[in-house]
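Residue numbers (our numbering): 5 to 55. Glycine included, each C-beta is placed from N, C-alpha and C at the ideal position. See below for the structure under consideration.
Shown next, in the form of structure tokens:
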């Protein structure tokens, strides 16, 4: 609940929240994948973003 309050506050009071947005995307990956695939998923996302 505290995290949701902080996310709402940041979105309402800051024009951009790139670090928060990145953290939310990482959270989605880390909470949805099998633990052995987490690192691979993060690496693939980062390297594909740079390509």
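Where do the N-terminal and C-terminal ends of the alpha helix (DSSP H) with residue i fall, by residue?
| i | result |
| --- | --- |
| residue 14 | 6-17 |
| residue 27 | 22-36 |
Do residue i and residue j have their C-beta atoms closer together than 8 Å?
| i | j | result |
| --- | --- | --- |
| residue 11 | residue 24 | yes |
Would you say residue i faces chain D, with C-beta separation under 8 Å as the test?
| i | result |
| --- | --- |
| residue 6 | Of the chains in the structure shown, none is chain D; there is only one protein chain. |
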